[in-house]
Amino acid sequence: MNIDAVKTYLQALQDNICAGLEQLDGKEKFIEDSWQRQEGGGGRTRVMADGDVFEKGGVLFSHVTGNQLPPSATANRPELAGRSFQAMGVSLVIHPRNPYVPTSHANVRMFVAEKPGEDPVWWFGGGFDLTPFYGFEEDAAAWHRTAADACAPFGDDIYPRFKAWCDDYFYLKHRGEARGIGGLFFDDFSEGGFDNAFGLMRSVGDAYLQAYAPIVQRRKDMPWGERERNFQLYRRGRYVEFNLVYDRGTLFGLQSGGRTESILVSLPPRVEWHYDWQPEPGSAEHRLYTDFLPARDWLV
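Structure below.
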């Protein structure tokens, strides 16, 4: 297990993603806020706001340590309760200005749980998912094709497993609908040993910009108006609901004493809720609910 190699990769990934997004935006640059955590560790929060393409974006690297894993990390692994931990990762959420450009999220991470006299327990996690406001078959298929290609070297079963896991995870149970069109999600992954698991995490991390950049290029100059903007702001409400109610990363960050501003940087800058609003049947807004949010195989 080489923790230093993981940290070096994650910091370089943050650099590469920020550079790629800055090139796509063409106007704004990320500003960096380096921080230290009293309990141990720290990170680099990079934020972009009011760009030509991206209304808000956050790309974060963190490496935190603690004497005891929080409940969010031991809920599925109760045997690890009481262990000290290291957690490092890159996470990002990008909120575009144009409603035809989808919101995107990605995260890759490593956890190590340690106890004196016992071998450390380690695992990788992460993935990426897409949240369109207006659906395009071409974009959804390309997004999932890139996800499948990233998983392919690690086994034929990896993409179907992680795709299904993503569909299940990014689901708002209280509304009975998906957050978006999914992608990949995995956690507690140590299959095949350290080199294999680390390789999979790298492949997923490297694939994010390959998947997202072409979609941004296709949609960023499409004309839009008040109707599209209002729908975008309304659908962003679903994003807020998921992040504050279900998201494991948000819960881990808050329960482990993380930096609140960095944890909540994923929230959109503007959002609206409307009581019991329903899209007009047959409209482009309605098609999001009928043709894109229900889980489906995008590779056929």
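My numbering puts the sequence shown at residues 26 to 325. Where a beta carbon is used, it is the ideal one built from N, C-alpha and C, also for glycine. As the structure is a prediction and not an experimental result, all values here were calculated from the model.
Query, Result
"Could you pull the DSSP bridge partners for Gly83 from this structure?", "Val72 and Val118"
"Please state whether DSSP places Phe136 in a helix, a strand or coil.", "strand"
"What distance in whole Å lies between the Cβ atoms of Gly66 and Thr90, which are believed to be in contact at a cut-off of 8 Å?", "5 Å"
"Based on the DSSP secondary-structure assignment, which residues constitute the bridge partners of Asp50?", "According to DSSP, Asp50 bridges with nothing at all."
"Three or more C-beta pairs closer than 8 Å, one from the segment 108 to 127 and one from the segment 149 to 168: is that the case here?", "yes"
"DSSP on Val265, reduced to helix/strand/coil?", "helix"
"State yes or no: is the C-beta of Pro145 within less than 8 Å of the C-beta of Met26?", "yes"
"Once the 5 residues before and after Ala232 are set aside, which same chain residues still bring their CB inside 6 Å of it?", "Thr171 and Ala175"
"In angstroms, rounded to a whole number, what distance separates the CA positions of Ala74 and Ile288?", "16 Å"
"So is Pro95 buried or exposed if we call it buried at 16+ other beta carbons inside 10 Å?", "buried"
"Just to confirm, are Asn101 and Asp29 a CB contact at a threshold of 8 Å?", "no"
"Check whether the segment 255 to 272 and the segment 180 to 193 are in contact - that is, three or more C-beta pairs closer than 8 Å.", "no"
"Mind checking which residues open and close the alpha helix (DSSP H) that includes Leu155?", "Looking at the DSSP string, Leu155 is not in any alpha helix (DSSP H); the run it does join, the beta strand (DSSP E), is Val146 to Thr156."
"Take Arg134 and list the residues in its own chain whose beta-carbon comes closer than 6 Å to its own, dropping the five residues that flank it on each side.", "Gly114, Gly150 and Gly151"
"Tell me whether Ala44 is buried or exposed, calling it buried when 16 or more other Cβ atoms sit within 10 Å of its Cβ.", "exposed"
"Pick out whichever of Leu105, Leu292 and Asp316 has its Cα sitting closest to the Cα of His130.", "Leu292"
"Helix, strand or coil for Trp323, going by three-state DSSP, please let me know.", "coil"
"Where does the unbroken alpha helix (DSSP H) through Glu310 begin, and where does it stop?", "Ala309 to Arg312"
"By the three-class DSSP mapping on this structure, what secondary structure does Glu64 have?", "coil"
"Output the distance between the C-alpha atoms of Gln39 and Lys32, rounded to the nearest integer angstrom.", "11 Å"
"Residues bridged to Ala203 by DSSP?", "Tyr196"
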